[in-house]
Structure formats: structure tokens, C-alpha cells
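Structure record follows, encoded as C-alpha cells.
There are 2 protein chains.
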Amino acid sequence: MARPKNKKVENVKPVRDAEATQAVILMSAEEEFAQHGFTAARTETIAAKTGVAKSMIYYYFKDKEGLYREVLKRSHADLIQTLQKLELEHLSPDTALEIFLRALLDCVSRNPKLPTIMFHEAVQNQGKYYQHSDSVSIDTTLIKILEQGVTAGVFRQLDPFQSAINVMGTCLFYFIGAGNIQQFPQDKRLLSKAMLEQHTHEAISLILAGVRQV
Amino acid sequence: MARPKNKKVENVKPVRDAEATQAVILMSAEEEFAQHGFTAARTETIAAKTGVAKSMIYYYFKDKEGLYREVLKRSHADLIQTLQKLELEHLSPDTALEIFLRALLDCVSRNPKLPTIMFHEAVQNQGKYYQHSDSVSIDTTLIKILEQGVTAGVFRQLDPFQSAINVMGTCLFYFIGAGNIQQFPQDKRLLSKAMLEQHTHEAISLILAGVRQV
DNA sequence: GTCTATACGAGGATAGAC
DNA sequence: GTCTATCCTCGTATAGAC
Numbered sequence: 001m002a003r004p005k006n007k008k009v010e011n012v013k014p015v016r017d018a019e020a021t022q023a024v025i026l027m028s029a030e031e032e033f034a035q036h037g038f039t040a041a042r043t044e045t046i047a048a049k050t051g052v053a054k055s056m057i058y059y060y061f062k063d064k065e066g067l068y069r070e071v072l073k074r075s076h077a078d079l080i081q082t083l084q085k086l087e088l089e090h091l092s093p094d095t096a097l098e099i100f101l102r103a104l105l106d107c108v109s110r111n112p113k114l115p116t117i118m119f120h121e122a123v124q125n126q127g128k129y130y131q132h133s134d135s136v137s138i139d140t141t142l143i144k145i146l147e148q149g150v151t152a153g154v155f156r157q158l159d160p161f162q163s164a165i166n167v168m169g170t171c172l173f174y175f176i177g178a179g180n181i182q183q184f185p186q187d188k189r190l191l192s193k194a195m196l197e198q199h200t201h202e203a204i205s206l207i208l209a210g211v212r213q214v
Numbered sequence: 001m002a003r004p005k006n007k008k009v010e011n012v013k014p015v016r017d018a019e020a021t022q023a024v025i026l027m028s029a030e031e032e033f034a035q036h037g038f039t040a041a042r043t044e045t046i047a048a049k050t051g052v053a054k055s056m057i058y059y060y061f062k063d064k065e066g067l068y069r070e071v072l073k074r075s076h077a078d079l080i081q082t083l084q085k086l087e088l089e090h091l092s093p094d095t096a097l098e099i100f101l102r103a104l105l106d107c108v109s110r111n112p113k114l115p116t117i118m119f120h121e122a123v124q125n126q127g128k129y130y131q132h133s134d135s136v137s138i139d140t141t142l143i144k145i146l147e148q149g150v151t152a153g154v155f156r157q158l159d160p161f162q163s164a165i166n167v168m169g170t171c172l173f174y175f176i177g178a179g180n181i182q183q184f185p186q187d188k189r190l191l192s193k194a195m196l197e198q199h200t201h202e203a204i205s206l207i208l209a210g211v212r213q214v
């Protein structure tokens, strides 16, 4: 059976599309790093899931660390940007908090791997691949909101620093446990659209009720 | 300067105390596994921090996995036991919740490495080293308390399952971030006694206020 | 029980053909 | 740009002396 000439129907692999190749590597790498962290991640596993040769990783990203840095950068980009353009200054603390939380939860719902990536980076590498701007500034924003709420009297007497951490925990821990608890029947997977929306709602309710002055 | 005879002051190492050797290995291993998880942990690093030879790990624990299992078991023992003997059945849901939370936070404050060990196990290994009894039962207890509180009307309308996860997050996330955020001046280390007590207080306050019916 | 030395496999990285 | 084949370091695990 003859094929149309000038068309490689069989042997689809050598597409020679640089962008596409990088994209699949990055996607596979994000998954691997999210589950295992930098050290325990295997370049071979990353390559295997893409279909492209392992050496492509080194061609495009120099080495494992280069790939890791790129994954870290891209994973955080969306979150950083979203939170930066929030304009919370002129809002009341409780509205600001709700908007902040909704934005945060939207981001991580879109990219559920982000919390585990952050976690591995924080625990394993003590955050050494983070620029001082990144996740630090996230917490700073939240601390400020809480501080203003306390002084304004709309939030109860809480420690802004400690509470900021706990609030983040309420939002993000869900995604850390997700991998472990997801062996559930039906459409109760923790990362299904319905469950993610519910988590967003539940987390925001819990936090707002938790900080409010009674 | 002569030393008392029959006393090895110099060359302290060959003590030949089996229990002591195992103990130092386990302590060092717990630290290493807490930071890096099973795969990324290095037996050489574990041994180096103890002063005993690397081969002692294999002598006492067969292999890296055997050591890991033992660390896992011991780390969880305290928590499992403490929560099992709580007797929460005859208490009102809000009192039960507070007691449960205080017990949980006491345990993890005594052993701050536990949350990161759990985390690594959940994310990296998808909980495969867990028996079905362990951390699952922790959450089950919490879910039951929340359910009873909702039906009794003392808690607001919340989803017990989702809220249980979020409550755990409020308590435990602190310890996950601790390694990363601890570069703080003075006695503001996140794992200092004062800060741990404050965290216990802040977390309980946030949760109780967050679930209560208004 | 403890150590040193070493075997062996896994995994990161490179060379060179196509 | 992509692949295959190979190198070599690092890390687990064992052998054997003390």
C-alpha cells in the first residue's frame, strides 16, 4: 500500500518542532518534579513520558537543574502575575481577603501541581531556588491584609504572621493530600472540577468565618 | 595526666551498644527522611551524622527501605496512640474538636518532623508505605466530629470531608513551611517553644471560629 | 558490633551519526 | 533537532577483617 509522497505518515516522531519538543518536556518535567522534587526526580522518567530522547533535555535545558529552574519559573508565573495585579489597597480588609483567596485558589485549581512543587522546594531545598521576590511576597500581601483587618476591628485579635501561614495551609494542603486521598469512587476525585470548586468555597468560608470579629 | 583505669575516655566510638547505635541511626534517619523523602534521602548522609559506619544501617535494618519503614512506624506511633485514647464519644462536638486539635498539635509540636514525613510519603510514594489504619483513621475521627457538629447545629453548614482536610492543613502546614521560613531573627524561630505554643493557640482559634454556627 | 574496602547498579550527562 | 550508544559519577549494598 503506497503512501502519498512527501508525507511521513509512519514514524511520526521526528517532527523537528523545537517549541513542541520543549513543551512536552516541560509538561512531563512539571509532573515528575511535582511528585518527587528535584533530587528524586528522574530525567529518564521525564523523557520516557514524552516520547523524545533523553538527550533532548540536555540540548534544551543544559542539565537537570536548568530544567528544574525553568519548571519552577513557569509554574509560579501565573500566580505571581495574578496576585500582583489585584489592586487591594482601596478595599476593606474582609473584601480584600476574599478576593485574594479566590485569586489564589483559582490559580492553584488551574495548576494543582503548584503546591506540591512549592512544598518540595521549601522542604527539600530550603527554598534555595526561589528568588526573594516570589512566594515571600505572597505571604507578605496576606499578612498586610490581616494586619489591617485587625487594626480596623473587622478581624478578631489574631497574629497576622501566624495566621497568614495557617490561612495558606487551609487553601493549599488540600492539593498536597490530593495525590494520596484520590483513590475514591465515582466523580469524587479531589481534582475534579466540581470538587475543586467546592474546595474553593469551603476554604474561603472557613477562613472568613475564622478571622471575623464576632 | 593519667586517667582512671578501666575507662575508655579517649576513642569513644567503639561503644558496642546495640541499642544506642540503632537509636542514633534512627534519629539521624528521621531527620534525613523528613527533609528529603525516601528516594532522595542518602544513606551516606544518615551515617555521616551519626559517627557510626554506613554498614551499620544494613546490619540493623537490612536496607534503606527497612530503615525507612522503621522511621515511619516510630514517627507515627505517638500520634496514633494519643488520638486513639481520646474518648471523644460523650462530648459535645465543639469540645471534642478542641480536644482533638490540642492533642494533634501537641504531638506534632513534640515531633515537628512528622508532618513533612507524612507529606513526602503522601506525595512521593502515594502513601504506599502506610497501612490502611494510620493516617486514614485520623481523618475519619475528624470527619465524624464535624458531621456530628453540623447535625447538632453547633457547627455551620460545611462539608465534613472537605473541611477535615482544610482543618488538618491549618494545623500542619505550619511545619511544612517551617524549614523554609525559619531564617528569622531572634527567638522567632518557628519551632521555638514559644512559637509552637502560639501556633497551637492560633490554629485552634481559627478553626473553632471558622466552623462555629453564628 | 563495628569498621574499611569494594562490588555493582542506577542515573546524569556527552559524543557523534543521521 | 533528534536519536542511539556510551561514559562516568554517585549511591546502595556486601565482604571480610578486627
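Residue numbers (this note's numbering), protein chains in the order written: chain Z, 1 to 214; chain G, 1 to 214.
Cβ atoms here follow ideal geometry from the backbone N, Cα and C, with glycine treated the same way.
Since the structure is predicted, the reported quantities are computational estimates derived from the model, not experimental observations.
Are the C-beta atoms of A209/Z and some chain G residue less than 7 Å apart?
For this step, residue 209/Z is matched to residue 209 along the first sequence. So, interface residue.
Give, in chain order, every residue of the region 99–121 of chain G whose Cβ lies closer than 7 Å to some Cβ of chain Z.
Taking 7 Å as the Cβ-Cβ cut-off against chain Z, the residues of the region 99–121 of chain G that qualify are T116 and F119.
Which residue's Cα is closest to the Cα of T82/G: L72/G, K62/G and L104/G?
As a working mapping, residue 82/G is identified with position 82 in the second sequence. With distances taken between Cα atoms, T82/G lies closest to L104/G.
Would you please verify whether the beta carbon of F173/G is less than 7 Å from any beta carbon of chain Z?
The residue labelled residue 173/G in the question sits at position 173 within the second sequence. With 7 Å as the cut-off, F173/G counts as an interface residue toward chain Z.
Going by beta carbon distance, what residues of the same chain come within less than 6 Å of N6/Z, once the five residues before and after it are set aside?
To locate residue 6/Z, count along the first sequence from 1; it is residue 6. Residue placement at N6/Z cannot be trusted, given a pLDDT of 42 that sits under 50; what the coordinates show is reported in the next sentence. Apart from sequence neighbours up to five positions away, no residue of its chain approaches N6/Z with a beta-carbon distance below 6 Å.
Simplified DSSP assignment, three categories, for R189/G
For the purposes of this step, residue 189/G is taken as residue 189 along the second sequence, with counting starting at 1. Coil, per DSSP.
E30/G to R74/G span [Cα, whole Å]:
Here residue 30/G corresponds to residue number 30 of the second sequence, with the count starting at 1. Here residue 74/G corresponds to residue number 74 of the second sequence, with the count starting at 1. Roughly 9 Å separates the two Cα atoms.
Could you tell me how far apart the beta carbons of L206/Z and S109/Z are, in whole angstroms, since I believe they sit closer than 8 Å?
Locating residue 206/Z in the first sequence gives position 206, where the first residue counts as 1. Locating residue 109/Z in the first sequence gives position 109, where the first residue counts as 1. Incorrect: roughly 16 Å between the Cβ atoms, too far for contact.
Helix, strand or coil at R212/Z according to DSSP, with G and I counted as helix:
In the first sequence, residue 212/Z corresponds to position 212, counting from 1. Here R212/Z sits in strand by DSSP.
Does any residue of chain Z bring its CB to less than 7 Å from the CB of R3/G?
Stepping through the second sequence from its first residue, residue 3/G is reached at position 3. Residue placement at R3/G is flagged as unreliable, the pLDDT there being 42, under the threshold of 50; a coordinate-derived value is accordingly withheld.
Unbroken alpha helix (DSSP H) runs of length 4 or more, entirely within the region 33–62 of chain Z: which are they?
43–50 and 55–61
Quick one: what's F155/Z bridged to in DSSP?
Along the first sequence, one-based indexing puts residue 155/Z at 155. In DSSP, F155/Z forms a bridge with R212/Z.
How about Q213/G: is its C-beta nearer than 7 Å to some C-beta of chain Z?
Here residue 213/G refers to the residue found at position 213 when the second sequence is read from its first residue. Q213/G does not count as touching chain Z.
Could you check whether K62/G and S28/G sit closer than 7 Å to each other, using their CB atoms as the reference points?
Locating residue 28/G in the second sequence gives position 28, where the first residue counts as 1. Locating residue 62/G in the second sequence gives position 62, where the first residue counts as 1. Not closer than 7 Å, so no.
Indicate whether P112/Z and L191/Z have their beta-carbon atoms separated by less than 7 Å.
For this step, residue 112/Z is matched to residue 112 along the first sequence. For this step, residue 191/Z is matched to residue 191 along the first sequence. Yes, they are a contact pair.
Let me know the secondary structure DSSP gives H201/Z once reduced to three states.
One-based indexing of the first sequence puts residue 201/Z at position 201. Helix.
Give the secondary structure of G240/Z by DSSP, where H, G and I count as helix, E and B as strand, and everything else as coil.
With chain Z running from 1 to 214 in the structure shown, residue 240/Z is simply not present.
For G296/Z and Q126/G, which I take to be in contact (beta-carbon distance under 8 Å), what is that distance rounded to the nearest angstrom?
This structure gives no information on residue 296/Z, because the portion of chain Z shown stretches from 1 to 214.
Cβ neighbours of H120/Z in the same chain (closer than 8 Å, five flanking residues each side left out):
As a position in the first sequence, residue 120/Z is number 120, starting the count at 1. Cβ within range, chain order: F33, A34, H36, G37 and F38.
Would you mind working out which of K193/G, F161/G and E65/G sits nearest R189/Z, comparing C-alpha positions?
Here residue 189/Z is taken as the residue at index 189 of the first sequence, counted from 1. Each of K193/G, F161/G and E65/G was checked against the Cα of R189/Z, and the nearest Cα belongs to F161/G.
Quick one: which chain G residues come within Cβ less than 7 Å of A40/Z?
By 1-based counting over the first sequence, the position of residue 40/Z is 40. Correct list: G37, T39, A40 and Q124.
By DSSP, does R74/Z sit in helix, in strand, or in coil?
Counted from its first residue, the first sequence places residue 74/Z at position 74. R74/Z falls in the helix class under three-state DSSP.
Could you name the residues of the same chain whose beta carbon sits closer than 6 Å to that of L79/Z, not counting the 5 residues immediately before and after it, in chain order?
If you number the first sequence from 1, residue 79/Z lands on position 79. Cβ neighbours of L79/Z beyond the five flanking positions: C107.
Taking the straight line between their C-alpha atoms, what separation do you get for Q124/Z and A152/G?
Start at 1 with the first residue of the first sequence, and residue 124/Z comes out as number 124. Start at 1 with the first residue of the second sequence, and residue 152/G comes out as number 152. Roughly 43 Å between the two C-alpha positions.
At 7 Å on the CB atoms, spell out the chain Z contacts of H199/G, in chain order.
Here residue 199/G corresponds to residue number 199 of the second sequence, with the count starting at 1. Under the 7 Å cutoff, chain Z gives Q162.
Can a CB atom of chain G be found closer than 7 Å to the CB of I57/Z?
One-based indexing of the first sequence puts residue 57/Z at position 57. No, no contact with chain G.
Considering Cα atoms alone, identify which of R16/G, P93/G and F175/G is closest to V150/G.
Residue mapping note: residue 150/G aligns to position 150 of the second sequence, counting from 1. Of R16/G, P93/G and F175/G, the residue nearest in Cα terms is P93/G.
Which residues in the same chain have their Cβ closer than 8 Å to the Cβ of E87/G, if we skip the five residues on either side of it in sequence?
For the purposes of this step, residue 87/G is identified with residue 87 of the second sequence, where counting begins at 1. Excluding sequence neighbours, E87/G sits near nothing in its chain.
Evaluate the contact criterion for the region 63–73 of chain G versus the region 138–148 of chain G: three or more CB pairs, one atom per stretch, below 8 Å.
no
I117/G versus A77/G - alpha carbon distance:
Residue numbering aside, residue 117/G sits at position 117 when the second sequence is read from its first letter. Residue numbering aside, residue 77/G sits at position 77 when the second sequence is read from its first letter. Roughly 13 Å separates the two Cα atoms.
Does E147/Z have its Cβ less than 7 Å from a Cβ in chain G?
In the first sequence, residue 147/Z corresponds to position 147, counting from 1. False, the Cβ-Cβ gap to chain G never drops below 7 Å.
For the ligand ATP, any of its heavy atoms closer than 6 Å to the Cβ of E89/G?
The ligand ATP is not part of this structure, which contains no ligands at all.
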